[in-house]
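S.K.:
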Amino acid sequence: MRALLLHAAARALPVLLVTAAVTFGLGAFAQQEPAELLLGEAATEEAVAALDHELGRDRPLPLQFASWLGHAVQGDLGESWFTGIAVTSTIAERLPVSMSIAGLALLIAVVLGASAGILAALRRGSWIDTAVTVTASTLATLPPFVVSIMLILLFGVAVPILPTGGYVPLAQDPSGWLACIILPAVALSLEAAADIARQLRTALVSTLEQNFVLGARLRGHSGARILLRHALPHAAGPALSVVGLQVPRLVGGAIIAEQIFSLPGLGLMAFEGATTGDMPVVLGAVMVIVLAVLLSTFVIDLLLTALHPQERIAARTERVPA
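Each residue of the sequence shown is one higher than the last, beginning at 4 in the working numbering.
1. Measuring CA to CA, which of T205, A53, F158, V162 is closest to I184?
2. Going straight from the alpha carbon of L230 to that of D198, what length do you get?
3. By the three-class DSSP mapping on this structure, what secondary structure does A195 have?
4. For E49, name the three-state secondary structure that DSSP assigns.
5. Who are the near neighbours of A206 in its chain, counting only those whose CB is closer than 6 angstroms to its CB and skipping five residues on each side?
6. For E82, name the three-state secondary structure that DSSP assigns.
7. Report buried or exposed for Q249, applying the criterion of at least 16 other Cβ atoms within 10 angstroms of its Cβ.
8. I need the straight-line Cα distance from E208 to P236, nearest angstrom please.
9. Quick one, which of T136, L98, L19 has its alpha-carbon nearest P267's?
10. With S129 as the anchor, note down where its alpha helix (DSSP H) starts and where it stops.
11. What residues match up with A89 in a beta bridge as DSSP calls it?
12. Which same chain residues end up closer than 7 angstroms to A15 when comparing Cβ atoms and leaving out the 5 residues on each side of it in sequence?
13. Taking C-alpha atoms, which residue in T210, W84, A89 lies nearest to R232?
14. When you compare only the Cα positions, how much space is there between A288 and R62?
15. Give me the residue from L122, P172, A24 with the minimum Cα distance to S70.
16. Taking Cβ to Cβ, would you say G247 is nearer than 7 angstroms to T300?
17. Helix, strand or coil for L145 per DSSP?
18. Let me know if R201 comes out buried or exposed under the rule of 16 or more other beta-carbons within 10 Å of its beta-carbon.
19. For V150, collect the residues of the same chain with a Cβ closer than 7 angstroms to its Cβ; drop the 5 residues on either side in sequence, then sort them by chain order.
20. Are the CB atoms of D304 and S83 within a distance shorter than 7 angstroms?
21. Can you list, in chain order, the residues of its chain with a C-beta nearer than 8 angstroms to that of L58? Leave out the 5 residues immediately preceding and following it.
22. I want to know whether the region 107-127 touches the region 248-262 - three or more CB-CB distances under 8 angstroms.
23. Would the beta-carbon of L243 fall within 7 angstroms of that of L306?
24. I want to know whether the region 260-280 touches the region 164-173 - three or more CB-CB distances under 8 angstroms.
25. Measuring alpha carbon to alpha carbon, tell me which of L271, A12, V90 ends up nearest V284.
26. With DSSP collapsed to three states, give me the class of I111.
27. So, are the CB atoms of L363 and A196 less than 7 angstroms apart?
28. Give me, in chain order, the residues of the same chain whose beta-carbon lies closer than 8 angstroms to that of L154; leave out the 5 immediate sequence neighbours on both sides.
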């Protein structure tokens, strides 16, 4: 565990630093003047210069970035230039929306993809296997924004049973919360579910032909025991790797879904900050999104290690001096 933590930290810190530097640099060279937007008709050269000084935008870029970074490592992401509200407070309000969409999408993708992959593997060569393969191949070609539009037309226009915009907090109304995020979550989950189903089906078919599975059958173990205790733990590794690759897509897709379904999440926050040049807001949103992706990748690594402890033991043995 300690080695995994150190490896994750060594991998995450450069990513966070480079992401922050690139985002800051892009914002600095975007030629946006937030001072002019803030001042409006009163945006004289003297007033703009005074406000830029107040915001710290008249200093050299390296000093601006170093100042922001020094506060960020202490948990202070600054304040919005336009609202004066602390960025951390805004993120605390918006983060549950984005994580709700991405989290529910991941849950649907894993349950749907795993169920389809297992069913196809157990019915290999049958019409069920063919149907799962064809359906998965079709869903994998549909971009989430296309699925989002189709779901809006179906459940928001043709059969208007679900809201196509807005958000209700989970603590306020669980059923309303689920109704608000189910469509964007489903739209994001289908492509991931298709990839998981195809990968798990292929791995499970190969595993079921291994000698240890045949031995378990000869010992009289039930089909359910063989599947759950013997085959799935060995076949789940590749599917989990697919889940790890899909998590950044789901988080990124949640940002797009927030635009389509008018959900007040981090994606909409970052978009609004980028269009107005509100760099503290943009930096805060981007860093939290990247951190969420890195944490999810670390969790996937832990699960993979738990499924294949022999690889970890072998790695430790190789490090022991003779």
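Quick reminder that beta carbons are idealized off the backbone N, C-alpha and C, glycines included.
M.R.: In short, the structure shows the following:
1. When only C-alpha atoms are compared, the closest one is F158.
2. If you draw a straight line from the Cα of L230 to the Cα of D198, it is about 21 angstroms long.
3. Here A195 sits in helix by DSSP.
4. In this structure, E49 counts as helix in the three-state DSSP scheme.
5. Taken in chain order, the residues that qualify are A238, P241.
6. E82 falls in the strand class under three-state DSSP.
7. Here Q249 is buried. Its C-beta has 16 or more other C-beta atoms within 10 Å.
8. In the sequence as presented, Glu is not what sits at residue 208; that position holds Val. Computed Cα separation, rounded: 13 angstroms.
9. The option with the nearest alpha carbon to P267 is L98.
10. Per DSSP, S129 belongs to no alpha helix (DSSP H) and is neither H nor E.
11. Looking at the DSSP assignment, A89 forms a beta bridge with E82.
12. Cβ within range, chain order: L297.
13. Looking only at T210, W84, A89, the smallest Cα-Cα distance to R232 is reached by T210.
14. Straight-line Cα distance between these residues: approximately 23 angstroms.
15. Checking every option, the nearest Cα to that of S70 belongs to A24.
16. In this structure, the beta-carbon distance from G247 to T300 falls below 7 angstroms.
17. Coil, per DSSP.
18. Note on R201: 16 or more other CB atoms within 10 angstroms of its CB, so buried under the neighbour-count rule.
19. Taking C-beta separations shorter than 7 angstroms and ignoring five residues to either side along the sequence, the partners of V150 in its chain run A190, L193, following chain order.
20. Against a cut-off of 7 angstroms, the Cβ pair of D304 and S83 comes out as no contact.
21. The answer, listed in chain order, is P37, A38, W84.
22. Touching, yes.
23. Taking 7 angstroms as the cut-off, the beta carbon of L243 is found closer than this to the beta carbon of L306.
24. Yes: at least three Cβ pairs fall under 8 angstroms.
25. The candidate whose alpha carbon is nearest that of V284 is V90.
26. Correct three-state label for I111: helix.
27. Because the chain is modelled from 4 through 325, residue 363 falls outside the range shown and cannot be assessed.
28. The answer, listed in chain order, is L186, V189, A190.
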